[in-house]
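A.B. asks: Take this structure first; my questions come after.
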Amino acid sequence: MAATNFLDTATGRKLAYHKTDGQGPTVVFLGGLKSDMEGTKAVHLEAWCRARGQAFLRFDYSGHGESSGIFDEGCIGDWHEDTLAAVDALTEGPLIVVGSSMGGWQALLFARARPERIAGMVTVAAAPDFTEDGWWAGFDDAQRRMLEAEGQVALPSDYMEPYIVTKRMIEDGRQRLVLRSPLVMPFPVRCLQGTADTAVSTETALKLLEHATCDDMRLLLVKDADHRFSDGPCLGLIEQAVQDVMAATA
Numbered sequence: 026m027a028a029t030n031f032l033d034t035a036t037g038r039k040l041a042y043h044k045t046d047g048q049g050p051t052v053v054f055l056g057g058l059k060s061d062m063e064g065t066k067a068v069h070l071e072a073w074c075r076a077r078g079q080a081f082l083r084f085d086y087s088g089h090g091e092s093s094g095i096f097d098e099g100c101i102g103d104w105h106e107d108t109l110a111a112v113d114a115l116t117e118g119p120l121i122v123v124g125s126s127m128g129g130w131q132a133l134l135f136a137r138a139r140p141e142r143i144a145g146m147v148t149v150a151a152a153p154d155f156t157e158d159g160w161w162a163g164f165d166d167a168q169r170r171m172l173e174a175e176g177q178v179a180l181p182s183d184y185m186e187p188y189i190v191t192k193r194m195i196e197d198g199r200q201r202l203v204l205r206s207p208l209v210m211p212f213p214v215r216c217l218q219g220t221a222d223t224a225v226s227t228e229t230a231l232k233l234l235e236h237a238t239c240d241d242m243r244l245l246l247v248k249d250a251d252h253r254f255s256d257g258p259c260l261g262l263i264e265q266a267v268q269d270v271m272a273a274t275a
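Numbering (my numbering), first residue to last: 26 to 275.
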């Protein structure tokens with residue numbers, strides 16, 4: 026396995042990454058919350074791109090995987106800064122951005138910041154605005170008081186250990202919402218969503234589809250697929266979606 030490389034950013038963070046050289050457009054994988062670049066989807070997509078001679082980039086946000094920082098101190102804005110730093114420094118030319126879960130939100134934020142770089146986008150169980158519409162909206166009065174008094178609250182997860190949700194995460198998330206104002210995506214977009222996903226609902230996927238302004242945007246609902254979306258058939262659907270947006274830009 027290739028050695029991990031590290032990028033020192035202007036914010037003082039050290040981001041771990043793997044980059045595969047090849048033809049463009051470069052496929053960039055943006056992982057989910059508390060996921061790292063060694064996840065099944067990221068590694069599979071890298072191998073698929075390498076076999077095609079396609080350029081590819083995967084990296085760890087700060088507080089994730091091999092990158093510097095502590096997860097509980099991070100927020101959506103920090104990871105948006107990491108995404109901009111990694112993509113700006115490590116890629117050239119057009120991109121196919123693949124965002125999984127929180128990475129879907131990051132992909133949408135990247136599209137606002139660098140629309141001219143994106144040739145196409147694929148989202149997998151995209152979770153835009155989840156800090157507000159999922160966490161904050163689901164807090165009871167006791168949890169909201171605890172967040173205010175103690176600065177954090179623990180939430181259970183169906184997929185890993187409990188999340189520590191900080192006041193900073195909630196407040197920063199409110200500054201990064203993408204479903205409250207125009208979301209223009211002048212490139213083909215393919216959204217994948219499992220119906221058995223207990224972390225991101227099909228309603229969220231439909232809301233994104235309805236909200237975005239895009240001439241070529243499709244949503245595929247996969248019956249009984251869960252949030253991981255990483256078994257063989259689901260990985261094949263991700264490959265197909267990437268190929269589809271590439272074909273649409275050719």
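Glycine included, C-beta positions come from ideal geometry on N, C-alpha and C. It should be emphasised that the depicted structure is a prediction, and the values quoted were computed from it without experimental measurement.
Within 10 angstroms of its Cβ, does Pro258 collect 16 or more other Cβ (buried), or is it exposed?
C.D. replies: So Pro258 counts as exposed.
A.B. asks: Within the same chain, show all residues whose beta-carbon is closer than 7 angstroms to that of Gln79, passing over the 5 residues directly before and after it, in chain order.
C.D. replies: Closer than 7 angstroms at the Cβ level, and outside the excluded window around Gln79, lie Gly47, Gln48 and Val52.
A.B. asks: Provide the residue(s) that pair with Cys216 in DSSP beta bridges, ordered along the chain.
C.D. replies: DSSP, once it has assigned bridges, lists Thr148 and Leu244 as partnering Cys216.
A.B. asks: Are there 16 or more other CB atoms within 10 angstroms of the CB of Thr148, so buried, or fewer, so exposed?
C.D. replies: Buried is the call here.
A.B. asks: Using 10 angstroms around the beta-carbon of Gln200, count the other beta-carbons present and answer buried if the total reaches 16, otherwise exposed.
C.D. replies: That one is exposed.
A.B. asks: Give me the Cβ distance between Leu262 and Leu217, rounded to the nearest whole Å; I'm assuming they're in contact under 8 angstroms.
C.D. replies: Yes, they are in contact, since the Cβ atoms of Leu262 and Leu217 sit about 6 angstroms apart, within 8 angstroms.
A.B. asks: Below 8 angstroms on the Cβ atoms is my guess for Leu133 versus Val203; work out the distance and round it to an integer in Å.
C.D. replies: Between Val203 and Leu133 the Cβ distance is about 5 angstroms, and since that is below 8 angstroms, they are a contact.
A.B. asks: Comparing alpha-carbon positions, which option in Gly99, Leu244, Glu63 and Ala35 lies nearest Ile345?
C.D. replies: Nothing about residue 345 can be reported from this structure: the residues present for the chain run from 26 to 275 only.
A.B. asks: Helix, strand or coil for Gln131? Go by DSSP, reduced to three states.
C.D. replies: Looking at Gln131 - three-state DSSP - the assignment turns out to be helix.
A.B. asks: Assuming Asp113 is part of the alpha helix (DSSP H), what are its boundary residues?
C.D. replies: Unbroken alpha helix (DSSP H) run through Asp113: Ile101 to Leu115.
A.B. asks: Between which residues of its own chain and Val112 is the CB-CB distance below 8 angstroms, once the five residues before and five after are set aside?
C.D. replies: Taken in chain order, the residues that qualify are Val53, Leu82, Leu120, Phe135, Arg139 and Arg142.
A.B. asks: Can you pull the DSSP bridge partners for Ala41?
C.D. replies: For Ala41, which the question treats as bridged, DSSP gives the partners Phe31.
A.B. asks: Would you mind giving the Cβ-Cβ distance between Arg215 and Arg243, rounded to the nearest angstrom? I have them listed as a contact below 8 angstroms.
C.D. replies: At roughly 6 angstroms, the Cβ-Cβ gap stays under 8 angstroms, so Arg215 and Arg243 are in contact.
A.B. asks: What's the call for Lys248, buried or exposed, on a 16-neighbour Cβ count within 10 Å?
C.D. replies: The residue is exposed, with fewer than 16 neighbouring Cβ atoms inside 10 Å.
A.B. asks: Can His236 be considered in contact with the ligand ZN, in the sense that its beta carbon sits closer than 6 angstroms to one or more heavy atoms?
C.D. replies: Annotation note on the ligand ZN: not contained in the displayed structure, which lists no ligands.
A.B. asks: Can Val225 and Ala150 be called in contact, C-beta distance under 7 angstroms?
C.D. replies: For Val225 and Ala150, yes; Cβs fall inside 7 angstroms.
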